[in-house]
Structure formats: C-alpha cells, structure tokens
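Q: Below are the structure tokens for one structure; questions will follow.
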Amino acid sequence: MKLDLAQQQVRVEGQVTIPQAFLRPGGDRPGVIKASSDVVIVNKRSDIAPLTKPKGMALYAKVKVILGDDVQVETAAFKGQLKGSLLVEETPQLAPRGSGSIEVAAGNYRIYGEEIEIQRGQLLFSSSPLDNPGLDLRVARQSQSSTANGAVSAGAQIRGTLKKPQMTLFSEPKMPDADILAYLVLGRSPQGGGSESALLFKAANAIGLGGGALTKGLGDAFGLDSLQLGSSSDAAKESDKDNTSLMLGKYLTPELYVGYGVGLLNAVNTFNVKYRISKKLMFESNSSSVGMGADLIYTIER
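Take the sequence shown: its position 282, counted from the start at 1, is 271 in my numbering, and no numbers get skipped.
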C-alpha cells in the first residue's frame, strides 16, 4: 500500500489480499445476549465536550482487493465461499466505484426453509457503484418427480442489477412456471391445500413474479376459482392504510363460496363465506383475529 499526504489531499494506492475470512454481516454470533431496550447507562458522562473534527481532506483511493481461497460468508439466506478481485476507486464528491467481479465458488441459498444450490453466481462491477453491481446468478434444485418422468431440475436465472434484479424460471423437463416454482420451493409438484398455495404465492410475490400468467397457473394447479392479491381496510384499527392480502377461494356449490385471506404485510388472516340465497339476496360473513362481521346484500339491477 502507498499513502501520500500533500496539500489537504490523501492518496491511497495499492493491493490488499484477504487469504482467509469469515463474515456474518448484519447479525451477531449465535448465543449473544443483547441488552434490553429499557437499559439506561447511569454513568454516562455529559460534561465532556465533543471532539472537534479536523478540517476534511480530499480522499483519492485506488485499491485492488483480492479474495483468497478461504473467504466464507454466512447470512440468514446465504452461506457460501467467495473469490475474485475488485478494484475500488474513490474520488471526492463521488460515490465509491468498483471494477471486477466477485464469484460464488460454492454456496447455497435458503428460500422458505429450503436449501437451493447456487450453480453459478457472480457480482459484476464495471466502474459501477459498490452497492449496485450487476448480477449473473443461477440457482437450481433437483427433485424426484411423482410421475414416471424421473428426476426434475427446477431453478431460476437472475440477471439485471442488485437494485433491479430480473428473474426467469427454468426446468428440465419443461413445465409451466407455477409447477417450476412449486418444485423450487416445495421440492415436488403442487398439491391441494391452502397453506401450500399461500406459501407459493408469497414466494412468487417476493421474487417479483406474483401476477399475470403465474398467478393463474397457481390457481389452476390448486383447483381454486380465485387467487389474487387484494386490499381491504381493517375497521378494527385506527389506521386507514390498506392491508395487502392473498385471497384464495373456491365455490363448493354454485351458491356457496368459501375464501381465505393471508396477510402478506401483517399476521392477520381472514375467513370469508358467501351464500347466495336468491338471485338478488346474498349472505356474506368475514372473521379474523381482530374481529368478525356479517352482511345481507340485496342487489337491484337497473
């Protein structure tokens, strides 16, 4: 490393090699006991004047960071080994930028409790901001088909940038996106059940696929008459903000409809029943953990 200080300027140039590291960003090691939120430090000194900061100096940096053969990263969703090199450049009044690539040599991604292998993973920097690299990721999961087709490989290809990722699903053999998502998240083909369909729709919504043909495909796979995102105001709360929910529903008879709403942004789930008494009269009931209600709806056609 080379460091020069002259005329209110700091220039840093050189190369740093990290042969071994274990990183767990954004969290403590298991077993760490944190202080309670109501802890008060009674011996905190308030009579000490804060240190005055020296006049700022312009920083010019050009440092190449090389990752060795034993750099491990572990987060709640990712665990793996990284390698590659990155040239970091910084100049006054501009955000730090990078050139190079960081590769996932081996790793797994956790989605809804399931480990999915990262077959290929790269963060690509082309004089781009350090917090928005380009993406070239491919994750896949091998599963055993319930039919005579044998093994099924389902996965996702992620490109674009970190802030605007673009994801496409793939499989071998080819199948609809709804089935691919089921194999990717559940490890098998979709089956009947409200909890499964809710989980899959949450997964689709989380990765930006929660609409259009995929939504219809999930509904068809589970034999549902309706599967959609909806918003409804909660009268039991003072706030008038809409609560986004996944609405699942099916007609048990031509007159009787049963629905279930799963809160995507909160833990409030709702149960809905509609019964058509006559052509113009319908009974509707809604219940949840925050309240319940019922209505008789009379329709006049004009």
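Heads up, the beta-carbon is just placed ideally off N, CA and C, and yes, glycines get one too.
(1) How many angstroms separate the CA atom of residue 172 from the CA atom of residue 155?
(2) Report all residues from its chain with a CB closer than 8 Å to the CB of residue 283; omit the five preceding and five following residues, and keep chain order.
(3) Starting from residue 289 and walking both ways along the beta strand (DSSP E), at which residues does that stretch end?
(4) Mind checking residue 11: buried by the 16 CB within 10 Å criterion, or exposed?
(5) Tell me whether the beta-carbon of residue 77 lies closer than 8 Å to the beta-carbon of residue 54.
(6) So what does DSSP say about residue 84, is it helix, strand or coil?
(7) Verify whether the separation of the beta carbon atoms of residue 52 and residue 5 is less than 8 Å.
(8) Would you mind sorting residue 157 into buried or exposed? The rule is 16 or more other CB atoms within 10 Å of its CB.
(9) Using the Cβ count rule (16 or more neighbours within 10 Å means buried), how would you classify residue 98?
(10) Let me know if residue 29 comes out buried or exposed under the rule of 16 or more other beta-carbons within 10 Å of its beta-carbon.
(11) Suppose the cutoff is 6 Å on Cβ atoms and the five residues either side in sequence are ignored; what does the same chain contact list for residue 142 look like?
(12) Give a yes or no on whether the C-beta atoms belonging to residue 72 and residue 83 are separated by under 8 Å.
(13) Could you check what DSSP says for residue 55 in three-state terms: helix, strand or coil?
(14) In whole angstroms, what is the alpha-carbon distance linking residue 64 and residue 49?
(15) State yes or no: is the C-beta of residue 47 within less than 8 Å of the C-beta of residue 81?
A: Let me spell this out:
(1) 20 Å
(2) 272, 273, 274, 275
(3) That residue, residue 289, is in no beta strand (DSSP E); it is neither H nor E in DSSP.
(4) exposed
(5) yes
(6) coil
(7) yes
(8) exposed
(9) buried
(10) exposed
(11) 129, 131, 161
(12) no
(13) strand
(14) 32 Å
(15) yes
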